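Notes follow the structure.
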Amino acid sequence: MDFVQNLPFFGIVAALFFGVLCSVVHRRAAEILTYLLLGFEVVASVLVLQFVIRTGSSFTYMMGHFPAPWGNEIRAGIFECFTAFFFSATMLLALVGGRKHIYHEVESTKVNLYYTMACLLLSSILALIYTNDLFTAYVFVEINTLSAAGLIMTKRSGKAIAAATKYMVMSLLGSALFLMGICTTYDITGHLLMSNIKEAMAALHASGQYAVPISVIIGLMSIGLAIKSALYPFHTWLPDAHGSASVSTSAILSALVSEVYMFLLIKIFYRVIGWDVVQDNKIMNVLYLFGIIAMLMGSIHALRESDIKQMIAYSSIAQFGYIFMGIGLGTAFGMQAAAFHLFAHASGKALVFIAQAGLADANGGDRRIVALKGTAHKNPIAGLTFTVGAFSMVGIPFFAGFISKYNFATAALYSPNKIVITLVTLAISTVLNAIYFLRVVLRIYSPIEDKKPVIRSGFAFGLAVTVMAIGNIALGVFGSNVMEYIISGLKMFG
Amino acid sequence: MIGLFNNLEATTAIIVFGIGFTTLMLNRNMIKKIIGFDMMDCGMYLFLASKGYIEGRLAPIVVNGITDMDAYINPIPAGLVLTGIVVSVSVSAVMLSLTIRLYRKYHTLDIDEIMMRAREEGDDE
Numbered sequence: 441m442d443f444v445q446n447l448p449f450f451g452i453v454a455a456l457f458f459g460v461l462c463s464v465v466h467r468r469a470a471e472i473l474t475y476l477l478l479g480f481e482v483v484a485s486v487l488v489l490q491f492v493i494r495t496g497s498s499f500t501y502m503m504g505h506f507p508a509p510w511g512n513e514i515r516a517g518i519f520e521c522f523t524a525f526f527f528s529a530t531m532l533l534a535l536v537g538g539r540k541h542i543y544h545e546v547e548s549t550k551v552n553l554y555y556t557m558a559c560l561l562l563s564s565i566l567a568l569i570y571t572n573d574l575f576t577a578y579v580f581v582e583i584n585t586l587s588a589a590g591l592i593m594t595k596r597s598g599k600a601i602a603a604a605t606k607y608m609v610m611s612l613l614g615s616a617l618f619l620m621g622i623c624t625t626y627d628i629t630g631h632l633l634m635s636n637i638k639e640a641m642a643a644l645h646a647s648g649q650y651a652v653p654i655s656v657i658i659g660l661m662s663i664g665l666a667i668k669s670a671l672y673p674f675h676t677w678l679p680d681a682h683g684s685a686s687v688s689t690s691a692i693l694s695a696l697v698s699e700v701y702m703f704l705l706i707k708i709f710y711r712v713i714g715w716d717v718v719q720d721n722k723i724m725n726v727l728y729l730f731g732i733i734a735m736l737m738g739s740i741h742a743l744r745e746s747d748i749k750q751m752i753a754y755s756s757i758a759q760f761g762y763i764f765m766g767i768g769l770g771t772a773f774g775m776q777a778a779a780f781h782l783f784a785h786a787s788g789k790a791l792v793f794i795a796q797a798g799l800a801d802a803n804g805g806d807r808r809i810v811a812l813k814g815t816a817h818k819n820p821i822a823g824l825t826f827t828v829g830a831f832s833m834v835g836i837p838f839f840a841g842f843i844s845k846y847n848f849a850t851a852a853l854y855s856p857n858k859i860v861i862t863l864v865t866l867a868i869s870t871v872l873n874a875i876y877f878l879r880v881v882l883r884i885y886s887p888i889e890d891k892k893p894v895i896r897s898g899f900a901f902g903l904a905v906t907v908m909a910i911g912n913i914a915l916g917v918f919g920s921n922v923m924e925y926i927i928s929g930l931k932m933f934g
Numbered sequence: 005m006i007g008l009f010n011n012l013e014a015t016t017a018i019i020v021f022g023i024g025f026t027t028l029m030l031n032r033n034m035i036k037k038i039i040g041f042d043m044m045d046c047g048m049y050l051f052l053a054s055k056g057y058i059e060g061r062l063a064p065i066v067v068n069g070i071t072d073m074d075a076y077i078n079p080i081p082a083g084l085v086l087t088g089i090v091v092s093v094s095v096s097a098v099m100l101s102l103t104i105r106l107y108r109k110y111h112t113l114d115i116d117e118i119m120m121r122a123r124e125e126g127d128d129e
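Here it is in structure tokens:
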């Protein structure tokens with residue numbers, strides 16, 4: 441066994457350990473520890489990714505010396521490693537970009553606790569990405585919920601606590617449904633490891649037994665994870681949470697926390713229930729419908745918002761709709777498009793959230809869109825990178841968002857019943873995206889007389905947004921190469 | 005219909021789960037919401053435990069030197085229930101502490117009223 445194969449497990453345990461460590465050290469030390477940890481995760485996932493590509497197959501890592509049907513396992517393939525790399529890098533950039541705000545908004549004696557929550561969140565994200573055991577997934581879903589709620593309530597205002605409470609209530613409903621799905625799965629298959637469940641599921645599907653429970657399982661897990669990732673009718677916690685959270689928290693919430701649940705859903709469809717079983721199921725049409733509604737309603741809500749952060753939050757809801765629409769198409773192409781959009785959205789949305797903070801700072805912290813007039817002249821780097829992010833969200837060529845919209849449109853052509861609705865909704869949603877994002881871009885670049893006060897948001901902010909913008913453009917230019925990795929990664933799931 | 009009575013534990017568990025779920029979702033009182041959450045989880049544990057039980061077998065603890073697998077019930081659901089209890093205790097603790105903070109600030113347990121007043125007051129302390 442290669443040493444590299446230990447790295448996913450080390451990464452998860454190191455994140456938990458660093459989280460504990462951060463709670464007892466000084467805030468500077470906690471910050472440096474968190475950056476070190478995230479840097480380690482980025483390097484580790486690249487090494488594992490290289491290893492997996494070289495060997496051409498995924499590997500499982502046994503924990504606790506109990507072999508397959510009994511023990512607990514970690515599994516790493518191309519898709520998992522790439523997601524782990526991308527998510528840790530995004531989290532690192534989001535924390536670096538918003539560090540000034542963290543120091544400003546969190547009480548100075550409690551900054552280290554913010555980083556504790558960030559480390560725990562990272563450990564749960566990595567565990568959800570790598571785990572091969574369904575019950576472990578549930579436990580880390582709850583850790584994810586608790587640490588995300590911790591990140592939301594870092595401001596002392598009553599609004600932040602109320603938003604965190606609302607988030608907790610919605611999340612608990614979602615995880616309860618998810619747990620019910622796991623219990624039912626265990627009940628009819630007798631296994632908790634994903635590979636074993638899949639074999640049992642395939643046998644049950646072939647013999648036609650338990651058809652109703654299997655549908656119920658797919659429904660419970662889809663709806664549970666959809667609630668947790670803020671799909672349209674269940675999105676109500678999201679705008680409040682974003683309204684009161686720190687910028688880094690907003691970027692992490694939108695780009696990572698919600699998306700890791702969608703990653704988990706894709707993983708469950710492939711690795712637990714089995715693609716053949718899912719494909720035949722009518723639940724996919726329900727997901728598709730919710731996705732379509734979310735694409736439209738999220739954009740319409742965003743159009744009506746006057747606060748830029750709330751507008752971006754509603755735009756996230758529309759983007760999550762895209763992903764669920766892709767999953768709901770029920771074809772391999774739709775799934776690939778959805779998987780790519782996870783990365784396109786994460787890179788664009790984290791960038792927009794961080795850059796928005798720079799623009800608002802140039803204006804004394806006023807987040808109303810009308811007040812942002814001309815702020816791009818005062819803070820050029822924030823203006824430029826916000827524009828990159830906005831173009832990616834709209835789907836202009838050479839940016840990441842374009843590739844995913846192109847993928848969704850191509851995928852729609854392979855599902856004859858859904859072509860028209862998908863294409864029409866894509867078109868309407870793109871137009872709405874363009875209206876509300878370009879409206880902001882035009883406003884921040886509108887000429888003002890007093891261009892003097894150039895606000896410098898600091899080196900860390902500039903570095904983070906620049907790297908994110910370059911990453912987004914790279915994802916747009918080399919989109920087809922990334923797609924190849926995703927396709928082979930999804931095959932490894934298979 | 006007969007199926008419901010043959011699987012009495014599962015039926016009861018789902019009813020308890022449903023009561024807890026609707027309370028957590030729809031009740032406006034924070035304390036009742038938390039009670040609903042705990043009921044929901046209890047329903048789930050009852051479901052799991054009843055699925056692990058096999059009629060006429062012993063709890064999986066070796067005392068009389070019987071190591072035959074057929075003498076005992078399935079221990080895994082019990083392990084899952086224990087893990088679940090740990091999770092739900094910590095979640096309840098966090099929810100209760102949030103409720104205390106909210107009550108100190110707004111002097112009410114009604115979540116709708118709290119949300120309304122929180123939105124009005126904006127970002128300040």
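Going down the list, the sequences are from chains A and B.
Take the first sequence: its letters are residues 441 to 934, numbered as in the working numbering.
Take the second sequence: its letters are residues 5 to 129, numbered as in the working numbering.
Each residue gets a CB set at the ideal place from its N, CA and C atoms; glycine is no exception.
Remember, it's a predicted structure, so these values are computed and weren't measured experimentally.
Annotation: the continuous alpha helix (DSSP H) that includes residue 663 of chain A extends over 651 to 668.
Residue 119 of chain B reaches chain A at 602, 606 and 680, counting residues in chain order whose Cβ is nearer than 8 Å. Judged by DSSP secondary structure, residue 61 of chain B falls outside any alpha helix (DSSP H); it is assigned neither H nor E. The way I'd put it, the segment 10 to 29 of chain B doesn't touch the segment 530 to 540 of chain A; fewer than three beta-carbon pairs between them come closer than 8 Å.
Residue 121 of chain B: member of the alpha helix (DSSP H) spanning 115 to 125, first to last residue. In chain order, 735, 736, 739 and 758 place their CB closer than 7 Å to the CB of residue 869 of chain A, counting only its own chain and leaving out the 5 sequence neighbours on each side.
A direct Cα-to-Cα measurement between residue 683 of chain A and residue 749 of chain A gives close to 7 Å.
Scanning the segment 461 to 533 of chain A for uninterrupted beta strand (DSSP E) segments of 3 residues or longer gives 499 to 503 and 512 to 516, listed from N- to C-terminal end. For residue 110 of chain B, the enclosing alpha helix (DSSP H) has its first and last residue at 80 to 110.
Going by beta carbons, residue 641 of chain A and residue 731 of chain A fall outside the 9 Å limit.
When only Cα atoms are considered, residue 637 of chain A and residue 910 of chain A end up about 41 Å apart. Of all C-beta pairs linking the segment 806 to 820 of chain A to the segment 845 to 859 of chain A, fewer than three are shorter than 8 Å, placing the two stretches out of contact.
Chain B has no Cβ within less than 9 Å of the Cβ of residue 506 of chain A. Residue contact with chain B for residue 633 of chain A: absent (no Cβ-Cβ distance below 9 Å to any residue of chain B).
Contact annotation, residue 27 of chain B with residue 47 of chain B: C-beta distance approximately 11 Å; criterion of less than 8 Å not satisfied.
For residue 597 of chain A, the nearest CB of chain B lies under 9 Å from its own CB, placing it at the interface with that chain. Closest in C-alpha terms to residue 58 of chain B, from the list B:81, B:45, B:121 and B:67, comes B:81.
With a cutoff of 9 Å on beta-carbon distance, residue 690 of chain A and residue 601 of chain A are scored as not near each other.
Fewer than three Cβ pairs drawn from the segment 594 to 614 of chain A and the segment 69 to 83 of chain B lie within less than 8 Å of each other, which leaves the two stretches out of contact.
Within 7 Å of the CB of residue 579 of chain A, the CB atoms of chain B belong to 87 and 91, in sequence order along the chain. Going by C-alpha positions, residue 446 of chain A is about 28 Å away from residue 776 of chain A. For residue 80 of chain B, at least one C-beta of chain A is nearer than 9 Å to its own C-beta. Note that the C-beta distance between residue 570 of chain A and residue 474 of chain A is not below 9 Å. Contact with chain B is absent for residue 559 of chain A, since none of that chain's Cβ atoms lies less than 9 Å from the residue's Cβ. For residue 619 of chain A, the nearest beta carbon of chain B is closer than 9 Å to its own beta carbon. The three-state secondary structure of residue 854 of chain A, taken from DSSP, is coil. Residue 921 of chain A is not bridged by DSSP to any residue. For the pair residue 898 of chain A and residue 821 of chain A, the Cα-to-Cα distance works out to about 11 Å.
Between the segment 671 to 688 of chain A and the segment 578 to 592 of chain A, the count of C-beta pairs closer than 8 Å reaches three or more; the two stretches touch. Per DSSP, reduced to three states, the secondary structure at residue 806 of chain A is coil, with no helix or strand assignment. Closer than 9 Å to the CB of residue 925 of chain A there is not a single CB belonging to chain B. With a cut-off of 8 Å on Cβ pairs, the segment 657 to 667 of chain A is in contact with the segment 702 to 722 of chain A, counting three or more such pairs.
A residue is called buried once 16 or more other Cβ atoms fall within 10 Å of its Cβ, and residue 497 of chain A, having fewer, is exposed. Looking from the CA of residue 857 of chain A, the closest CA among A:808, A:514, A:784 and A:768 belongs to A:768. Neighbours of residue 627 of chain A across chain B, judged by C-beta separation under 7 Å: 55. Secondary structure note for residue 869 of chain A: its alpha helix (DSSP H) is the uninterrupted segment 859 to 885.
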